[in-house]
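All remarks here apply to the structure that follows.
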Amino acid sequence: MFGLNKKDGTLFLIVIAMTLLAPFIFNPFPTDSAMAQFNAGYPDLLQRFVIFGIFAIGFNILFGLTGYLSFGHAAFLGVGSYAAVWIFKLFTYNVVPAIIFAVIVAAIFSVLIGFISLRRSGIYFSILTLAFAQMSFALAYSVLSNPRFNLTNGETGLQVYDADPQMFHHEGLPGMPHLFGLPMRATHEMTLGGWAFNFNVGYYFSGLFMLLAFYLAIRIFRSPFGMMLRAIKSNNTRMTYTGLNAKPYTLAAFVVSGMYAGLAGGLLAAMDPLAGAERMFWTASGEVVLMTILGGAGTLIGPVLGAGLIKYMENIVSKINDNVLHQWFSFMPDGLEDVMVTLIHPFVGKGWNLTLGMIFVLVVIFLPGGLVEGGQRIARLFRGKKAREAEKSTQSNPAE
Amino acid sequence: MDSFILQILNGLDKGSAYALIALGLTLIFGTLGVVNFAHGALFMIGAFCAVTLQRLLSISHTVIDETQKDFLGNPLKVEQPYVIDWFGPEIGNGLIEWSVPLAVIFAIPVMVGVGYAMERGLIKHFYNRPHADQILVTFGLAIVLQEIIKYFFGANPIPTPAPDALNGVVNFGAALGLEVTYPLWRIVYFCFAAVIIGAIFAFLQFTTFGMVVRAGMADRETVGLLGINIDRRFTIMFGIAAAVAGLAGVMYTPINSPNYHMGMDFLVLSFVVVVVGGMGSLPGAVLAGFMLGILESFASTTWATTTIPGINQVIIYLVAIIVLLTRPRGLMGRKGVMED
Amino acid sequence: MGILEVKNVNKRFGGLQALGNVNLDIAENSVHAIIGPNGAGKSTLLNVLIGKLIPDTGSVMFQGQSVLGRKPYEINQMGISRVFQTPEIFGDLTVLENMMIPIFAKRDGVFRMHAFENSANEREIVDQAEAMLESLGMADARHDHSASMSRGDKRRLEIGMCLAQEPKLLLLDEPTAGMARADTNNTIDLLKQIKAERDITIAIIEHDMHVVFSLAERITVLAQGTPLVEDTPENIKGHPKVREAYLGESA
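Chains as they are written, first to last, in our numbering: chain A, 10 to 409; chain B, 132 to 471; chain C, 13 to 263.
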């Protein structure tokens, strides 16, 4: 099926189903129930799930396969966003050329940065990419936004103004990003009993790209090229003494993952035609690292899970405030209720980053394989010893 | 000429901070072989030691001052810090005013403790894991530490002034007939940094402990074979490195009001400094710290920023990239340290 | 004229003369051992042969082409394969995948993306790799994680991976260091078998005299960075100079 083996094919089918049915799956609670705050089925968040999913899948092609830890991948995402917004400004609000251009520009950038950064490995590589990303941030934030040559519009962020040429824009087309006239923001709401489900054009458009990106990633992981990348990670000495120059392979992986980031950046701009320098800040690069590790670096589904979890937490956990907490623990005696609220308070609302940091530290220490490894461990607990033995060979394969 | 000297001076204080952080990073990297992304957080915690001490000293209670009246004619209620009750107004106010320099004393045990806890509690389990894992776990730790500080102190910068006596401006070109006015505290900061750096080098150079540590940095295995408990010494080195970063943070508070993400801001640049100086080279770290600080200061002059807009924002990264590509080991890096 | 010719090679590290006037001629299809006490310059010589070190003077020619200044992967492409003191294999990969990589490399050269290899071609590579594993007697272990194998098996796999590239010269650096006696003997047998089956030149740098005298057709003795004697094993055994070099070392 699709040129994949049975296991990968099943995984891909599950991901397709999840993506298509996401407006239902992530919206399990009726609109007016107390649990509705945990719903994630609204377009804005769903879009983020898939777009950052693309970003993390791409990052994983580099980090998961070759082991090169880039701390500057957000630069490509930012470049992609800027490129897309420029297409909106100059030519048309149609997202297709914008996204193509975003990927191309990100590819050019990643060839340049990758070519230089990959001259070093290990920690030097991480710091070089970090330096490049911070430089790009500084360039976007101030250097390239001077009156003589305003490429990024500095602090305000690049956006589309009425005075912009938009050469191919004409009457009848929506004044916002659209796909041949179909606005990205268009949402169909379906009410079913107490539930309200949202079907958003932008989400399905990005979701389609995510599926494509995911499929490509499976193919890369399973290809001889993917095997070569894993071999480089495993033992570069043997690779060189097998007559292979590792650099073209790693550069190719770097560029592919840079293009993924560019695609994600372009899609972000397509959902909301705005590009700001903060998208390139190194904390943004750190975030994609967190997503990938949290989900499981080197696994296929891990980055998608990690991206989803982090974006979900960012949106949901940060919305929980003391009132909500008091509601939850209202069944307890008053004193105990206050204690519980005080205990949990630092970890929710504005403190969600603390929760994220702690989860991350715990995952790196106890579960280096991320959520996927956690899932595998749990699955193994439920299976008999015989099954465990049989699993041994497949489980040891890092590219599960 | 005047402005030339001024730019060098301007670069010194930032350079001092870079040098101190980079020195600690290099000590940790050289001894323990760990890439510590949480080192900036230590700098930040140090800065917040100063804030904490200032707050502790300012804890006050309400007293009714009969000598002053409010606009209704009632005796005025004023907040009076306890230190004034205990030591009298002169010493009490003096303590509050001098809280930043005093915080140096307060910060040393705190930072050594934090460093010790960090090393024993977390980092020691990562000695034999890949560098990527070390980066990741210390990065996570840095997030946790800065979020904890944010929880207690809020997200806004907290002004922490220097004592009035050290707060002025000096013109120290006067003797030479030049006009070079410069904030006094920055001079203090530079001298402080110079003393600390000198002390570290002297410690490593002239004590047996330092000798073992230096030997360990050069060849860990051999020193381990000599039956010397190198790990315990390295733990102490981690504590010292943490204290250095913390003190750098304490003294930096009057220059820049501390906020919870200042550590990360400095960390990225300090890493660049370490790499430019040469991974594992202590003199390299110090040299590169001052060099990049001064370079940044020159790039911030109006002349430079009008010629190439924004050059001050990117100069350090540009230099780092050029250095790494032409001298992959950095300015003073040794062979065999972190090579692939 | 041999397959590998080393002429007048000198290498100094600071004040230390690591290699002094080394001349070496390894004949095609021979098994040539280089022995010598510790610090005799064996590793330095090896590093010169594989392009890791560039000597101060002299030349190293492989089949009439200089190897000096070439990158390790280029030297490998010339037909020199190397076996390391500690087996260098792809520990994260399965045994079969380990074997597939040199076969891919042999087929495609330095770089070809083969991102989407068609399954027929891939099947062919797998078949070749499995045949190779079969001949090494490791076919049953093909889906094992290679890092979990015994040291002897890792060595066997590493040698197999080198052979899969069909090299003209196989360089072995203390191939039995740190091995149990049984594993050592297995390795010796494997090398003998290889020599019997193929047209291949084998150069061994070795400490273990048992290995050297079971395999070598010619032996070069290095001492203090200079070749002392070169002769057949029988003549080397009783050679007074050799005894002196070794005894002098231990005394």
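Where is the CB? At the ideal position from N, CA and C, for every residue including glycine.
Next item on the list: Just tell me which of Ser71(C), Ala141(C) and Ile217(C) has its CA closest to the CA of Cys174(C).
Entry: Ala141(C)
Q) Would Leu13(A) count as contacting chain B if we go by Cβ distances under 9 Å? A) no
What is the DSSP secondary structure of Ala286(A), counted as helix, strand or coil?
-> Ala286(A): helix per DSSP, three-state reduction.
query: Which residue comes first and which comes last in the alpha helix (DSSP H) that contains Gly235(A)?
result: Here the alpha helix (DSSP H) through Gly235(A) covers Pro233 to Ser243.
C-alpha distance - Lys256(A) paired with Gly190(A), whole-angstrom precision: If you draw a straight line from the Cα of Lys256(A) to the Cα of Gly190(A), it comes to about 44 Å.
Under 7 Å, CB to CB, which of the residues in the region 281 to 294 of chain B have a partner in chain A? Tyr282
message = Please return the same chain residues whose Cβ sits closer than 6 Å to the Cβ of Thr403(A), not counting the five positions on each side in sequence.
response = Here the model assigns Thr403(A) a pLDDT of 49, short of 50, so the residue's position is not dependable, and the following value carries that caveat. Excluding sequence neighbours, Thr403(A) sits near nothing in its chain.
Is any beta-carbon of chain A found at less than 9 Å from that of Asn88(C)? At least one C-beta of chain A is nearer than 9 Å to the C-beta of Asn88(C).
Check: At a Cβ threshold of 9 Å, is Arg194(A) touching chain C?
Finding: Answer no: the Cβ-Cβ gap between Arg194(A) and chain C never drops below 9 Å.
Proximal residues to Ala181(B) (C-beta, below 6 Å), its chain only, five neighbours per side dropped: Around Ala181(B): Val231, Ala234, Thr291, Val381 and Thr384.
Quick one: complete alpha helix (DSSP H) runs, 4+ long, within the region 408 to 443 of chain B? 413 to 430 and 433 to 438
_Checking the sheet assignment: what are the DSSP bridge partners for Tyr313(B)?_
Val301(B)
Between Ile452(B) and chain A, is any beta-carbon pair separated by less than 9 Å?
yes
**Asked** Does any CB atom of chain A fall closer than 9 Å to the CB of Leu16(C)?
**Response** no
His335(A) classed as buried or exposed, judged by whether at least 16 other C-beta atoms fall within 10 angstroms = exposed
Quiz prompt | Buried or exposed (CB count within 10 angstroms, at least 16 for buried), Asp471(B) | solution = Unreliable placement is indicated for Asp471(B), whose pLDDT of 41 sits below 50; the coordinate value is still reported in the next sentence. By the 10 Å Cβ count, Asp471(B) comes out exposed.
Q) Which runs of the alpha helix (DSSP H) fall wholly inside the region 323 to 354 of chain B and span at least 4 residues, in chain order? A) If we require 4 residues or more, the alpha helix (DSSP H) runs fully inside the region 323 to 354 of chain B come out as 339 to 349.
message = Ser215(A) and Ala279(A) - do their beta-carbons sit closer together than 9 Å?
response = Yes, the Cβ-Cβ distance between Ala279(A) and Ser215(A) is below 9 Å.
For Ala248(B), decide whether its Cβ has a neighbour in chain A, counting only Cβ atoms nearer than 9 Å. no
task = Output, in chain order, the set of chain A residues within a Cβ distance shorter than 7 Å of Ile101(C).
result = Asn244 and Arg247
Counting C-beta neighbours from all protein chains within 10 Å, is the total for His197(A) 16 or more, i.e. buried, or is it exposed? exposed
> For Ile96(A), which residues from the same chain have a beta carbon less than 6 Å from its beta carbon, with the 5 sequence-adjacent residues on both sides left out?
Replying inline: Pro106, Ala107 and Phe110
Give the secondary structure of Phe103(A) by DSSP, where H, G and I count as helix, E and B as strand, and everything else as coil. In the sequence as presented, Phe is not what sits at residue 103(A); that position holds Asn. Three-state DSSP puts Asn103(A) in a strand.
For Trp229(B), three-class secondary structure by DSSP: coil
Proximity of Phe64(A) and Met289(A) at Cβ, strictly below 9 Å: no
query = Val268(B) touches chain A at which residues, Cβ-Cβ below 7 Å?
reply = Val370, Val373 and Ile374
Exposed or buried, what is Ala286(B) when buried is set at 16 or more other beta-carbons lying within 10 Å of its beta-carbon?
exposed
Where the alpha helix (DSSP H) through Ser388(B) begins and ends: Per DSSP, Ser388(B) belongs to no alpha helix (DSSP H) and is neither H nor E.
- Per-residue DSSP class, three states only, for Pro156(A): coil
ask   = Leaving out the 5 sequence neighbours to the left and right, which residues in its chain are closer than 7 Å to Ile137(C) when beta-carbon positions are compared?
value = Met112, Ile115 and Phe116
Just to confirm, is the Cβ distance from Ile371(B) to Ile331(B) under 9 Å? yes
inquiry  = At the 9 Å Cβ level, is Phe80(A) part of the contact set with chain B, yes or no?
reply    = yes
For this session: Give me the Cα-Cα distance between Lys359(A) and Gly295(A), rounded to the nearest whole angstrom.
Result: Rounded to the nearest angstrom, the two C-alpha atoms are 19 Å apart.
Under 7 Å from the C-beta of Leu55(A): neighbouring residues of chain B:
Taking a Cβ-Cβ cut-off of 7 Å, Leu55(A) has no neighbours in chain B, whose nearest Cβ is about 26 Å from it.
List the residues of chain E that Ile113(C) touches, going by C-beta distances under 9 Å, in chain order.
Absent from the structure: chain E. Protein chains present are A, B and C.
Practice task
In angstroms with no decimal places, state the Cα-to-Cα distance between Met395(B) and Ala153(B).
Solution key: 13 Å
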